[in-house]
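In what follows, a single structure is set out as structure tokens and then discussed.
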Amino acid sequence: MAEWDIQKLEEKYRDTWPEMFEADPDEREKFYLNVAFPYPSGAMHVGHGRTYIVPDVIARFWRMQDKNVLFPMAFHVTGTPVIGISRRIAKGDPETVRLYRDLYRVPEDVLARFDDPMTIVEYFARDYERIMQRCGLSIDWRRRFITVNPQYSKYIEWQYAHLKEGEHVVKGVHPVKYCPSCDNPVGDHDLMEGEKAEIMKFTLILFEWQGAKIPCATLRPETIYGVTNLWANPEVTYLRANVDGEKWILSREAAYKLEMQDHTVEVTGEVSGAEIVGSKASHPLCGEVPVLPAAFVDPDVGSGLVMSVPAHAPFDYIALRDLQEQGKFTEVEPVAIIKSEGYGEIPAKDAIERAGITHQLDPRMDEVTREVYGAELLHGTLLANCGDQASKPVKQARDDVAALMLEDYGSKVMFEFDTQNVVCRCGGRVYVKILHDQWFLQYSDPIWKAQVHEQINEMEIVPQEVRAEFDRTVDWLKDWACTRRVGLGTKLPWDQNWIIEPLSDSTLYMAFYTIAHHIKKIDPEKLTPEVFDYIIYGTGNPTTVPRETLDAIRAEFLYWYPYNYRFSAKDLISNHLTFQLFHHRAVMEEDKQPQGMVIFGMGLLNGAKMSSSKGNVVLLDDALNEFGPDTVRMFLVGSAEPWQDFDWRNELVIGAKKQIERFWNTVSEGIAVEENDGREIDGWLISRLQHRIEHTTTALQNFQTRQALQEAFFGIEADLKWYRRRLPTIAPGSAAIKELCSVWVRLLAPVVPYTSEELWHQLGHEGSVAFAPWPVADAAKIDEKTELAEEFLARTVEDIESIVRIIQMEPRAVNLYVAPAWKRQVFSIIAGAADPKKAIKLVMADEDLRSRGKEAADAAKQVTKFIHRLPPELVENVTAHDLDEMAVLTAAQEFLEREVKVPVRILEAEGSGEVKADTALPFKPAIVIE
RNA sequence: GCGAGGGUAGGUAAGCCAGGCCAAAACCGGCGGACUUAAGAUCCGUUCUCGCAGGAGUCCGUGGGUUCGAAUCCCACCCCUCGCACCA
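With numbering that gives the first Met the number 0 applied, the first sequence corresponds to residues 0 to 929, in that order.
Here you go:
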């Protein structure tokens with residue numbers, strides 16, 4: 000019997016496998032599964048490993064069920080990250096170089112060529128492919144592509160033509176975070192500071208002022224009715240400017256921001272804050288109000304000029320009060336316009352006084368402000384002095400007044416961050432910019448959303464719980480800017496200045512897999528939209544490619560599509576996974592919609608989040624070298640169900656390795672030993688095996704890889720343990736063991752393909768275990784009575800042992816007293832009773848039993864208690880099979896004596912004269928130790 | 001802050017939806033023993049507390065509640081993970 004040497008097994012089989020899993024349409028039923036493809040900008044770690052190994056286990060499982068399984072792979076290389084990496088490497092950025100040279104161990108000569116982004120992705124794509132093959136992934140590599148292949152670009156162009164035709168791609172304006180020094184929009188991950196900053200929409204309310212307008216930015220336009228004054232900072236020099244052709248007064252900062260936000264701003268002069276202070280400004284909805292001085296007014300917030308609503312804004316209230324305490328502007332009175340529960344006439348005043356705030360600089364001012372704003376938004380109603388808005392709830396009035404302002408009073412919208420200091424990685428300040436000419440995928444379209452909801456409802460989603468998250472995401476999605484100026488990718492077909500954004504070019508590639516190996520062979524120039532129309536829809540009359548070629552390609556598409564399952568980690572739910580549903584709905588026909596999704600948990604390393612940038616990773620290649628592919632696979636699919644987070648810990652992985660070794664040794668022994676005569680216990684083993692097959696199959700059908708392993712590995716091992724305990728002196732070489740080995744190797748083949756492949760051959764089978772028939776449970780081999788008898792024995796031995804353990808005497812002999820038949824009668828009656836409370840009455844209704852009087856009543860009580868503690872199926876079996884306990888125990892006498900190491904006597908309880916024998920119950924003999 | 005999911009014995013984790021089979025599966029780890037020159041592997045026992053007869057007590061994030069009965073149902077609180085976008 001050879002030692003288990005996984006390295007050798009890997010070398011023996013790895014390179015012969017890739018062609019084996021090339022899948023072509025045939026008469027069998029298909030099973031098509033795919034995974035979110037990787038962006039190969041760095042080395043694979045064990046977290047990536049699980050992403051591909053779990054689907055592979057599922058693929059191998061279904062393949063053995065005689066499904067035609069397609070499992071393809073490609074590489075996503077579009078976008079900007081590798082461009083940044085290549086630049087940083089070219090510059091010699093030490094951190095990046097360290098990551099690639101030391102952690103990912105890229106050879107120096109290769110690293111030297113990493114100044115070209117394509118070199119990076121091509122290098123790592125090859126590396127991924129190599130490592131995936133080491134892992135034994137049953138991928139059809141003929142279909143491999145990368146997302147900048149010209150043929151793929153043609154497919155994307157076709158897709159976008161249809162999206163545009165369906166009016167799902169529209170040109171729009173959109174506020175984005177923008178870094179003027181990079182001259183590019185920036186994502187949150189590009190920010191050094193202010194990552195959580197949100198873009199807020201202010202209304203600029205225009206006040207008449209000496210032939211010009213003073214814009215005041217507000218989030219609460221409805222408070223215009225309560226404006227008593229404006230605030231200007233006397234220390235600030237404001238600008239006079241023509242904004243969109245109108246004369247405005249505003250801060251320098253505000254002028255710059257508005258320019259970024261698509262307004263024309265032409266500076267014509269300056270005016271000091273001091274000059275403005277003391278003058279009057281007016282708005283039709285609040286009349287003429289004075290401009291008051293305020294040092295707290297920040298020119299870098301809003302327009303740099305503020306409207307004041309002292310009744311409802313604590314800052315305004317306290318600033319006004321402070322001025323008035325100095326005897327200034329005493330004629331200004333707060334104007335209350337909102338009634339809100341829990342507050343008096345002037346909520347700002349109440350809140351400040353309740354909090355005991357006496358000074359504007361009190362740090363609790365922000366908190367009090369939030370409190371008042373929140374309370375008024377939730378419960379406030381506008382008062383009678385608010386014109387048309389009177390008695391409206393604040394919530395509604397806010398929107399109505401904002402709309403009114405924009406329509407009738409010349410207001411403009413201004414965007415601002417909710418936090419100051421938003422800084423780009425380049426160190427430059429980030430502003431809100433309105434992008435025009437930008438193309439958007441209109442995910443906000445309610446009709447489109449409704450279609451996706453419908454699809455989510457029809458799909459199988461594993462685990463069920465994430466369905467809610469998908470629905471939430473669909474509701475929450477707004478329009479998505481789908482074009483960029485920089486990065487790798489496909490040009491927008493109708494506007495060549497734009498590149499299709501990388502998330503937006505990878506929503507329908509699952510369909511491309513079905514035809515990729517054919518399409519690759521066609522000159523991209525010939526791949527007109529008509530060609531794809533013909534392949535996907537079967538319409539039109541393309542002439543650039545021979546018709547029989549197209550018919551074959553279309554046939555293949557129709558065979559595989561739609562996909563059965565897509566596998567991905569849960570962090571992609573809120574974008575990619577939901578996007579692809581939108582795109583399928585828009586472009587693919589009704590019967591080509593995604594059928595199912597399986598969502599994975601995340602990976603941890605020793606309890607901490609895996610992160611390449613922090614160096615907290617185990618590279619998959621290293622893990623394969625150290626433990627071998629089967630161990631890595633077994634650990635990754637066995638330590639947690641796919642949707643749970645898993646934690647890679649080396650000491651646990653070593654455990655998995657030992658387990659496979661045990662499996663190897665047991666099966667090798669089984670093969671080596673000469674067949675000998677079967678024993679009765681063989682029937683039990685084979686009967687148990689049927690349950691294991693059934694449970695493993697169900698688990699894998701439900702993607703429960705961990706559960707499957709519990710059954711297929713530990714379950715079978717536990718059965719074997721009992722089997723050997725019952726037959727310690729006989730070598731395990733029976734026909735039953737051979738049968739078990741053959742089944743066992745196949746049950747574990749999806750998880751440990753290398754080990755199983757070798758054992759399968761050693762068992763004398765031709766062909767790969769990957770295509771061997773999956774075991775099917777045979778009901779005829781299930782022998783419930785034997786299983787029950789063994790359970791009875793096991794429980795009895797356990798009971799004896801637990802008693803021996805407690806008593807502190809050395810046992811000399813064990814007497815077992817089997818319960819009399821009439822107690823079995825009691826057991827049946829009680830077990831069958833619908834209402835347990837009436838069970839005792841039922842027992843006493845039996846004449847024979849009643850004649851036993853108190854004895855019967857006591858037994859009934861004991862039996863009731865006992866039944867209560869047993870699993871219901873077991874109770875059912877006990878009743879159904881009416882086990883001859885005497886015979887079972889007698890037959891196992893030798894076994895019992897070996898177990899307890901003293902003579903065992905098996906006796907009838909009835910008439911034994913032993914007091915303790917009275918406690919004998921069916922399925923629970925009385926035990927007396929001498 | 002908002003949205004989704006989750007907290008079970010030393011660790012991983014099943015059970016929870018359908019309350020009583022639950023002192024709570026399974027695996028790992030720990031401890032003791034057998035085998036061995038030894039280590040490893042393997043096997044046996046043990047791993048909340050108490051108990052010289054198969055039993056009792058306490059326990060499933062915290063605090064309440066419902067129920068004859070709660071890890072499981074309800075309420076509140078605390079803590080953790082993921083997502084919150086123009087980016088893979």
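In this text, a Cβ means the ideal position worked out from N, Cα and C, and glycines have one as well. All figures in this text were calculated on a predicted structure; none of them were measured in a lab.
Separation of residue j from residue i, as counted between CA atoms
i       : j      : result
Trp438  : Leu249 : 32 Å
Val530  : Cys134 : 37 Å
Ile926  : Ile802 : 9 Å
Pro1015 : Leu604 : Absent from the model: residue 1015. The displayed extent of the chain is 0 to 929, so no value can be given.
Met0    : Ser667 : Its pLDDT being 47, under 50, Met0 is placed unreliably by the model, and nothing is read from it.
Asn384  : Pro392 : 14 Å
Gln132  : Asp4   : 18 Å
Glu800  : Val813 : 11 Å
Leu316  : Arg424 : The sequence shown places Tyr at residue 316, not Leu. Distance between the alpha carbons of Tyr316 and Arg424: 39 Å.
Thr527  : Trp157 : 8 Å
Lys256  : Asp349 : 36 Å
Gln260  : Pro174 : 8 Å
Arg363  : Glu352 : 12 Å
Val296  : Asp474 : 38 Å
Gln235  : Arg369 : Correcting the residue identity first, residue 235 is Val in this sequence and not Gln. In a straight line, the C-alpha of Val235 is about 27 Å away from that of Arg369.
Ser40   : Arg104 : 13 Å
Val276  : Leu229 : 9 Å
Ile930  : Ala779 : Residue numbering for the chain in the displayed model covers 0 to 929; residue 930 lies beyond these limits and cannot be assessed.
Arg897  : Arg725 : 10 Å
Gly303  : Glu194 : 24 Å
Lys212  : Asp187 : 35 Å
Ala396  : Pro346 : 18 Å
Asp14   : Ala891 : 52 Å
Leu739  : Glu453 : 46 Å
C-beta contact flag for residue i and residue j at 8 Å
i      : j      : result
Pro292 : Ala231 : yes
Pro57  : Phe511 : The residue asked about is misnamed: residue 57 is Ile in this sequence, not Pro. Not closer than 8 Å, so no.
Thr785 : Gly682 : yes
Glu21  : Arg141 : yes
Tyr224 : Gly386 : yes
Met63  : Arg705 : no
Asn67  : Arg565 : no
Phe30  : Pro749 : no
Ile781 : Ser911 : no
Glu340 : His378 : yes
Arg49  : Leu635 : yes
Per DSSP, the bridge partner or partners of residue i
i      : result
Asp646 : Leu603
Met259 : Beta-bridge pairing links Met259 to no other residue.
Thr217 : Thr202
Lys11  : According to DSSP, Lys11 bridges with nothing at all.
Asn183 : Cys178
Arg565 : Asn33 and Met596
Gln892 : In DSSP, Gln892 forms no bridge with anything.
Simplified DSSP state of residue i, which is helix, strand or coil
i      : result
Phe36  : coil
Leu205 : strand
Ile198 : strand
Tyr408 : coil
Gly912 : coil
Pro233 : coil
Ser610 : strand
Asp243 : coil
Met0   : Residue confidence is low: Met0 scores 47 on pLDDT, short of 50, so the model does not pin down where it sits. Its coordinate-derived value is still stated next. Residue state, collapsed to three classes: coil.
Leu576 : helix
Ala280 : strand
Distance between beta carbons of residue j and residue i, contact taken as under 8 Å
i      : j      : result
Leu888 : Leu787 : Wrong, their Cβ atoms sit about 13 Å apart, outside the cutoff.
Ser741 : Leu719 : Going by Cβ atoms, the distance from Ser741 to Leu719 rounds to 14 Å, so no, they are not a contact pair.
Any non-hydrogen atom of the ligand FMN within 7 Å of residue i CB
i      : result
Gly488 : Looking for the ligand FMN in the displayed structure turns up nothing, as the structure carries no ligands at all.
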